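Heads up: the sequence shown at position 55 corresponds to 59 in this note's numbering, and the numbers run straight through without jumps.
We put the CB at the ideal spot given by N, CA and C, even for glycine.
As the structure is a computational prediction, the values presented were derived from the model and not from experiment.
Please read the structure below before turning to the comments.
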Amino acid sequence: MKRLGWQIALVAVLVVLAIVLQRRNRLPDSPERAVTSFFDAAEAGDDAAYLRLTDGELKTRLEATRREQGATAFRQALQQTAVGLKALNMIRTPESSEERVVLDVDLVYEDRSERQRFTLERRSGGWIITGLEAAEFYQPEVPYGTPVFEVPLPDRNGSEDASEAAQAPPAGE
5 MKRLGWQIAL VAVLVVLAIV LQRRNRLPDS PERAVTSFFD AAEAGDDAAY
55 LRLTDGELKT RLEATRREQG ATAFRQALQQ TAVGLKALNM IRTPESSEER
105 VVLDVDLVYE DRSERQRFTL ERRSGGWIIT GLEAAEFYQP EVPYGTPVFE
155 VPLPDRNGSE DASEAAQAPP AGE
């Protein structure tokens with residue numbers, strides 16, 4: 005009887021382990037989520053997850069870079085790319101289709117912005133990055149973190165700034 009209990013427990017543990025491993029290796033369900041996961045893996049220095057999100061020539065180049073630099077230096081370089089990253093803004097380009105998506109990704113840092121073009125393809129179970137162009141650097145017109153103030157709205161008297169209208173004496177005085 006005890007032996008049957010152990011066998012059932014072992015099967016249950018193996019099923020749970022298989023489900024966890026399957027989910028861990030599953031590709032992201034959207035191109036945008038694939039790019040976000042790519043940068044999350046870079047920030048964590050998780051080179052296995054980073055490479056798992058790529059395929060084709062891109063993956064071949066990245067694996068060659070990892071071999072040349074060594075795994076530790078490669079992970080550190082991945083983490084360095086994510087230092088100071090504040091936001092990702094993604095725009096699908098017109099050449100995108102249901103099976104292949106091209107995203108222009110703005111990487112927003114406190115002191116600069118970069119634009120990179122990602123090519124992704126639908127594969128069984130999700131999206132994978134197959135192309136990545138070199139980043140173009142640019143200075144945004146408004147630096148990241150600049151406070152945004154409410155634009156003054158006209159009050160009921162037609163004044164452009166409600167604060168000016170509040171300071172003006174009432175009509176007839």
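By the Cβ rule, the region 116-132 counts as touching the region 33-40, because three or more pairs are nearer than 8 angstroms. DSSP, reduced to helix, strand and coil, places Gln84 within a helical segment of the structure shown.
Closest in alpha carbon position to Ser117, among Gly149, Arg96, Glu61 and Arg79, is Gly149. Residues Gly49 of the same chain have their beta carbon placed closer than 8 angstroms to that of Gln80, with the five preceding and five following residues left out of the count. For the pair Tyr54 and Glu125, the Cα-to-Cα distance works out to about 16 angstroms. Bounds of the alpha helix (DSSP H) holding Tyr54 are Asp51 to Arg56. Ile95 is a Cβ neighbour of Leu107, given a cutoff of 9 angstroms. Thr123 and Pro151 have their C-alpha atoms some 34 angstroms from each other.
Judged by DSSP in its simplified three-state form, Glu114 adopts coil rather than helix or strand. The alpha carbon of Pro144 has as its nearest neighbour, out of Phe43, Glu137 and Glu114, the alpha carbon of Glu114.
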